[in-house]
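Asker: Residue numbers (this note's numbering): 3 to 532.
Right, dumping it as structure tokens:
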């Protein structure tokens, strides 16, 4: 008996020590554990069941997790859990004035890429550095925009840059890339970008390419000359080796409605040649941009005051009107009843009405001449933000099916109740999931999520976003795929979607069980270098 006791005592001591050490090793305390989740991980693979453990802002575990390992448990209730949506086409240079970014959070968007369409801040370091003093609810990356760079160096003059001016532009782009810009954007339909020839853009794209950036382009024409414009963007990529991303891919001329298979074919052919070309899209048959785009670009040189002087000259005004009429005729629209005012500061009564309706209201007649006169008066009155209902549903659906298409809103941060903006700022991602996935069954749920998460992250080189994967940032969305739906309409856009129940940004809930929180856990996203 004594021998047994002598042998057992060391064994008990060892067993006790092992038990204590095992307890210390095995219990990992996660900040948040999401239980009962059906995980759509962003890869495009079918959903699977798993718990998700979050620690220090990152996904630490995907698998079975015990309740006692969680400081906080969020029950997903068998809903879908996905990576946070990445909106690669936003216009949020003013986001630090709206740090909650509520319209994006309620759509499940956790990361934004701003600086699109040729317009951005020119001091990227200062812009991204503002996170230190003004935390945001979302992550933000920015492009450096050709139009803004050109305007800083040359103003809005309609000419080629001198060698010295081009060097200054190259230097601005290079500094922006060093400060973390994810690439170069152009707005070749807008002043002053529209005045640039292809070789100017090529020179600046080479600078961005040197830092592994992307070239994101609002191409030169999305209507009558859309084929030539797509080819120009692809050509810039071919000359420089920079990845090309074509913004809000569409066809906005009746002349080419139904030809999206051909425009997509240009992208497919480029990809077959080994070029990296992708596109983004919003899920609507209307665009939104400035009233100024109706006028010929030469009439806008050197700003609105110079433009008003041109309109005051009878011969020049006649030339402008003639060109407006030709462009309308070429687009196969008979008048401007497709053009709705989103926001006109000079007369808010015009908001929500189309140009034909406004002409009748303001002038007592609505023939084409009256409509054009109304457009010119509104231009002279400060311009307006417009919604142009110029697209075809068949093309929207065809573009959405393409494997290289990302979902993006082309929206800014919305002030609830202000103006009559495009509904995409409230409903874009949710509209895809509710209308196109559930109702129309146009694309599978898993592929729709891929187009909102891993594809954008891959395209814009955001290396730790876009997947539910251990080690990745804990940007997460929980939603009910049976009820998710957009509510915003063109007539009443200020309506939040339904079906998204919780949103996490870098591990912190910004929207939890249908309620906004005060968390501002977003980060500045700078270009990831290989």
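For every residue, glycine included, the Cβ atom is placed at its ideal position computed from N, Cα and C.
Under the three-state reduction of DSSP, which class applies to residue 389: helix, strand or coil?
Answerer: Within the chain shown, numbered from 1, the residue matching residue 389 stands at position 387. Strand at residue 389.
Asker: Is DSSP giving residue 261 helix, strand or coil here?
Answerer: As a working mapping, residue 261 is identified with position 259 in the chain shown. Correct three-state label for residue 261: coil.
Asker: On a CA-only basis, which of 518, 303, 501 and 441 is nearest residue 485? Give me that one, please.
Answerer: Within the chain shown, the letter at position 483 stands for residue 485. Comparing Cα positions, the closest option is 501.
Asker: According to the neighbour-count rule (16 or more other Cβ atoms, all chains shown, within 10 Å of its Cβ), is residue 418 buried or exposed?
Answerer: Looking up residue 418 in the chain shown gives position 416. Per the 10 Å Cβ criterion, exposed.
Asker: Tell me, which residues are paired with residue 65 by DSSP?
Answerer: Residue 65 sits at position 63 when you count from the first residue of the chain shown. DSSP output for residue 65 lists 53 as bridge partner(s).
Asker: In the DSSP assignment, find the beta strand (DSSP E) that holds residue 83 and state where it starts and stops.
Answerer: For the purposes of this step, residue 83 is taken as residue 81 along the chain shown, with counting starting at 1. Where residue 83 is concerned, the enclosing beta strand (DSSP E) stretches over 82-85.
Asker: Just to confirm my understanding: we take residue 101, look at its own chain, exclude 5 residues before and 5 after, and list those with CB closer than 7 Å. What are they?
Answerer: By one-based count along the chain shown, residue 101 stands at place 99. So the qualifying residues of the chain are 136, 137, 138, 139 and 522.
Asker: Pop quiz: residue 83 and residue 41 are said to be a contact at Cβ under 8 Å. What is the actual Cβ separation, rounded to whole angstroms?
Answerer: Position 81 of the chain shown, counted from the start, is the residue given in the question as residue 83. Position 39 of the chain shown, counted from the start, is the residue given in the question as residue 41. Confirmed, Cβ separation roughly 5 Å.
Asker: Assuming contact is defined by CB atoms lying nearer than 7 Å, are residue 279 and residue 246 in contact in what I supplied?
Answerer: For the purposes of this step, residue 279 is taken as the residue at position 277 of the chain shown. For the purposes of this step, residue 246 is taken as the residue at position 244 of the chain shown. Yes, they are a contact pair.
Asker: Looking at the unbroken beta strand (DSSP E) that takes in residue 220, where does it start and where does it end?
Answerer: For the purposes of this step, residue 220 is identified with residue 218 of the chain shown, where counting begins at 1. Residues 216-220.
Asker: Quick one: grab the DSSP three-state call for residue 109.
Answerer: As a working note, residue 109 is residue 107 in the chain shown. Looking at residue 109 - three-state DSSP - the assignment turns out to be coil, as it is neither helix nor strand.
Asker: Determine the DSSP secondary structure at residue 43, reduced to helix, strand or coil.
Answerer: Here residue 43 refers to the residue found at position 41 of the chain shown. DSSP places residue 43 in coil when its eight states are reduced to three.
Asker: In this structure, does DSSP put residue 141 in helix, strand or coil?
Answerer: As a first step, residue 141 must be located in the chain shown, where it is residue number 139. In the structure shown, residue 141 sits in a strand (DSSP, three-state: E or B).
Asker: So residue 220 packs on residue 191, CB below 8 Å; how close in whole Å?
Answerer: The residue given as residue 220 occupies position 218 in the chain shown. The residue given as residue 191 occupies position 189 in the chain shown. Going by Cβ atoms, the distance from residue 220 to residue 191 rounds to 6 Å, so yes, they are a contact pair.
Asker: Among 81, 126 and 67, which has the Cα closest to the Cα of residue 529?
Answerer: Stepping through the chain shown from its first residue, residue 529 is reached at position 527. Of 81, 126 and 67, the residue nearest in Cα terms is 126.
Asker: From this set, 288, 334 and 375, which residue's C-alpha is nearest residue 2's C-alpha?
Answerer: No answer is possible for residue 2: the residues shown for the chain start at 3 and end at 532.
Asker: Just the Cα atoms here: how many angstroms apart are residue 519 and residue 512?
Answerer: Here residue 519 corresponds to residue number 517 of the chain shown, with the count starting at 1. Here residue 512 corresponds to residue number 510 of the chain shown, with the count starting at 1. C-alpha separation (whole angstroms): 5 Å.
Asker: Alpha carbons only, please: which of 463, 59, 46 and 381 is nearest the one belonging to residue 35?
Answerer: Translated into the one-based positions of the chain shown, residue 35 becomes position 33. Nearest option by C-alpha distance: 59.
Asker: Applying the 10 Å Cβ sphere with the 16-neighbour rule, what's the burial state of residue 371?
Answerer: As a working note, residue 371 is residue 369 in the chain shown. With fewer than 16 Cβ atoms within 10 Å of its Cβ, residue 371 is classed as exposed.
Asker: Quick one: measure Cβ to Cβ for residue 215 and residue 244, integer angstroms, because I've assumed they're closer than 8 Å.
Answerer: Taking the chain shown and counting its residues from 1, the one referred to as residue 215 is at position 213. Taking the chain shown and counting its residues from 1, the one referred to as residue 244 is at position 242. About 7 Å separates the two Cβ atoms, so the contact holds.
Asker: Measuring only the C-alpha atoms, how far is residue 276 from residue 236?
Answerer: The residue given as residue 276 occupies position 274 in the chain shown. The residue given as residue 236 occupies position 234 in the chain shown. Rounded to whole angstroms, residue 276 to residue 236 spans 11 Å at the Cα level.
Asker: In the DSSP assignment, find the beta strand (DSSP E) that holds residue 283 and state where it starts and stops.
Answerer: By 1-based counting over the chain shown, the position of residue 283 is 281. Its beta strand (DSSP E) spans residues 279-283.
Asker: Hey, would you say residue 505 sits closer than 7 Å to residue 110, going by beta carbons?
Answerer: Counting from 1 along the chain shown, the entry for residue 505 is found at position 503. Counting from 1 along the chain shown, the entry for residue 110 is found at position 108. A contact, by the Cβ cut-off of 7 Å.
Asker: Report the residue from 409, 165 and 423 whose alpha carbon sits nearest the alpha carbon of residue 87.
Answerer: Residue numbering aside, residue 87 sits at position 85 when the chain shown is read from its first letter. Answer by Cα proximity: 409.
Asker: So the candidates are 173, 299 and 338; which of them puts its Cα closest to the Cα of residue 205?
Answerer: Position 203 of the chain shown, counted from the first residue, corresponds to residue 205. Closest option to residue 205, Cα to Cα, is 173.
Asker: Between the beta-carbon of residue 476 and the beta-carbon of residue 467, is there less than 7 Å?
Answerer: The count along the chain shown starts at 1 and reaches residue 476 at position 474. The count along the chain shown starts at 1 and reaches residue 467 at position 465. Going by C-beta atoms, residue 476 is not nearer than 7 Å to residue 467.
Asker: Could you please give me the residues that DSSP links to residue 518 through a beta bridge?
Answerer: Counted from its first residue, the chain shown places residue 518 at position 516. DSSP lists 513 as partners of residue 518.
Asker: What first and last residue would you give for the beta strand (DSSP E) that runs through residue 341?
Answerer: Mapped onto the chain shown, residue 341 falls at position 339. Here the beta strand (DSSP E) through residue 341 covers 341-345.
Asker: Short check: CB of residue 430 to CB of residue 284, under 7 Å?
Answerer: Start at 1 with the first residue of the chain shown, and residue 430 comes out as number 428. Start at 1 with the first residue of the chain shown, and residue 284 comes out as number 282. Taking 7 Å as the Cβ cut-off, residue 430 and residue 284 qualify as a contacting pair.
Asker: Are there three or more Cβ pairs, one per stretch, closer than 8 Å when the stretch 178-190 is compared with the stretch 317-333?
Answerer: At 8 Å Cβ cutoff, the stretches do not touch.
Asker: So, at 6 Å on beta carbons, what are the nonlocal neighbours of residue 72 in its own chain, with the 5 sequence-adjacent residues on each side left out?
Answerer: As a position in the chain shown, residue 72 is number 70, starting the count at 1. The residues are 32 and 35.
Asker: Counting only runs of 3+ residues fully inside the stretch 449-514, write out the beta strand (DSSP E) ranges in chain order.
Answerer: Listed in chain order, they are 478-481, 502-507 and 510-514.
Asker: Return helix, strand or coil for residue 295, following the three-state DSSP convention.
Answerer: For this step, residue 295 is matched to residue 293 along the chain shown. Of the three classes helix, strand and coil, the one that applies to residue 295 here is helix, per DSSP.
Asker: Going by the beta-carbon positions, is the gap between residue 353 and residue 361 smaller than 7 Å?
Answerer: Counting from one through the chain shown, the residue named residue 353 turns up at place 351. Counting from one through the chain shown, the residue named residue 361 turns up at place 359. Not closer than 7 Å, so no.
Asker: I'd like the span of the beta strand (DSSP E) that includes residue 31, first residue to last.
Answerer: Numbered from 1 along the chain shown, position 29 holds the residue referred to as residue 31. It is not in any beta strand (DSSP E) - residue 31 carries neither H nor E in the DSSP assignment.
Asker: Out of 389, 69, 62 and 85, state which residue places its alpha-carbon closest to the alpha-carbon of residue 452.
Answerer: Against the chain shown, residue 452 aligns to sequence position 450. Out of 389, 69, 62 and 85, 85 has the C-alpha closest to the C-alpha of residue 452.
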